[in-house]
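Accompanying notes for the structure given below.
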Amino acid sequence: MRGNVSARSAILLMGPTASGKSSLAMHLAERYPVEIVSVDSAQVYRGMDVGTAKPSPADLARVPHHLIDIADPVERYSAARFAADAAKAIAEIHGRRRIPLLAGGTMLYFKALTEGLNALPQADPGVRAAIDVRAATVGWPAMHRELARVDPPTAARLDPNDRQRIQRALEVFEITGKPMSELLAERPRADDGAVDFIRIALLPSERAVLHQRIADRFDAMLEAGLVDELRGLRRRFNLSPDLPSMRSVGYRQAWQHIDGEFGAATLRDRGIFATRQFAKRQLTWLRAIESQAFDPLQPGFERSVAGWLDTQLPTLGA
């Protein structure tokens with residue numbers, strides 16, 4: 000294991016679902032004095048273990064992990080809260096003269112930490128309720144057409160039935176009087192330069208192999224009791240399908256299955272399809288980020304990553 004490194008360094012390990020991020024993170028922990036910070040919008044929630052592929056108890060015992068099991072699934076954990084929590088964890092890890100290794104697939108969280116967030120308004124329950132009342136009368140496709148009149152760029156990228164995002168875009172317009180697309184185009188807050196982010200992206204070269212990994216992973220979650228886990232959470236907490244925790248891929252489909260909307264075979268098909276779509280969006284984000292890319296399907300790629308990191312992590316006092 001290498002010794003102490005620059006107190007400014009932090010490794011960002013980004014990749015789509017099922018690309019091998021967790022395995023690589025544990026491999027790097029054998030070589031560098033790292034502590035792992037989860038960048039996963041679902042692993043923050045207590046009790047959501049099977050469907051989020053949380054680290055095993057053995058891995059948690061081997062390497063310190065942060066930002067796992069820090070909120071109940073009834074809470075609305077946000078990108079802004081993550082950025083604050085991650086910055087605090089990074090500072091504490093640096094204080095122990097160790098390297099923060101931020102690993103995960105929630106790309107908005109990476110963006111919030113490294114670039115800051117655009118100045119969008121906080122949610123307003125009253126405005127949202129009024130939008131929901133209108134939608135109950137005319138339907139979400141009609142609300143989508145309303146959005147197209149006030150914010151064409153945002154409407155163009157949203158499905159006419161995407162209730163959550165249409166609601167948010169209309170809410171932003173009603174609160175600010177400005178289209179969301181205009182607010183998002185404004186320059187976000189930059190990070191303060193206190194951390195040197197070393198960006199690694201895992202980009203699988205063969206989509207079919209990634210898709211098979213995704214299917215195998217979802218099958219393993221079903222076998223491990225995803226549906227029973229969600230039933231237990233619904234007994235313990237006052238959950239609703241609109242909560243961020245329950246909109247997570249896998250849990251959303253399991254919720255619909257429990258409510259009788261479809262059977263086990265359809266649950267599997269929809270869960271795998273939704274995970275593939277999620278991975279596609281993750282890859283789109285990754286290709287737009289300046290980073291060092293590695294193909295996790297290549298033999299020995301973990302050694303390649305470690306060899307490259309050797310050139311990026313200056314030793315203290317060097």
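Counting with numbering that gives the first Met the number 0, you get residues 0 to 317 for the letters of the sequence shown. Just so it is clear, CB atoms sit at the ideal spot from N, CA and C, and this is done for glycine as well. Model, not experiment: these values are computed from the prediction.
Starting from I92 and walking both ways along the alpha helix (DSSP H), at which residues does that stretch end? A78 to G94
Three-state secondary structure (DSSP) of A9: strand
At 4 residues or longer, and completely inside the segment 188-250: list those alpha helix (DSSP H) runs for me, N to C. 206-223 and 225-235
What's the C-alpha gap between D190 and T16? Caution is warranted here: a pLDDT of 48 is assigned to D190, below 50, making its placement in the model unreliable, and the coordinate value is therefore given only provisionally. The alpha-carbon atoms of D190 and T16 are separated by roughly 27 Å.
What residue range is occupied by the uninterrupted beta strand (DSSP E) comprising G103? For G103, the uninterrupted beta strand (DSSP E) segment begins and ends at I98 to G103.
Out of curiosity, what's the CA-to-CA distance linking V248 and N237? 20 Å
Need the endpoints of the beta strand (DSSP E) that Q297 sits in, please. Looking at the DSSP string, Q297 is not in any beta strand (DSSP E), and its letter there is neither H nor E.
Counting pairs of Cβ atoms below 8 Å between the segment 109-116 and the segment 39-48, do you hit three or more? no
Taking D309 and F300 to be in contact with their CB atoms under 8 Å, please state how far apart those CB atoms are, rounded to whole angstroms. Rounded, the Cβ-Cβ distance is 15 Å, inconsistent with contact.
Does Q276 come out as helix, strand or coil in the three-state DSSP assignment? helix
Secondary structure of I271, DSSP reduced to three states: The answer is helix: DSSP assigns I271 an H, G or I state.
Would you identify the three-state DSSP class for A17, choosing helix, strand or coil? coil
Exposure label - F172; buried when at least 16 CB within 10 Å: buried
Limits of the beta strand (DSSP E) - the one that S180 falls within: Element bounds for S180: not the beta strand (DSSP E) but the alpha helix (DSSP H), M179 to A184.
Among the residues of its own chain, which have a CB less than 6 Å from the CB of I10, if the five just before and after it don't count? Result list for I10: L100 and I197, in chain order.
Tell me the DSSP bridge mates of I288? None, per the DSSP bridge assignment.
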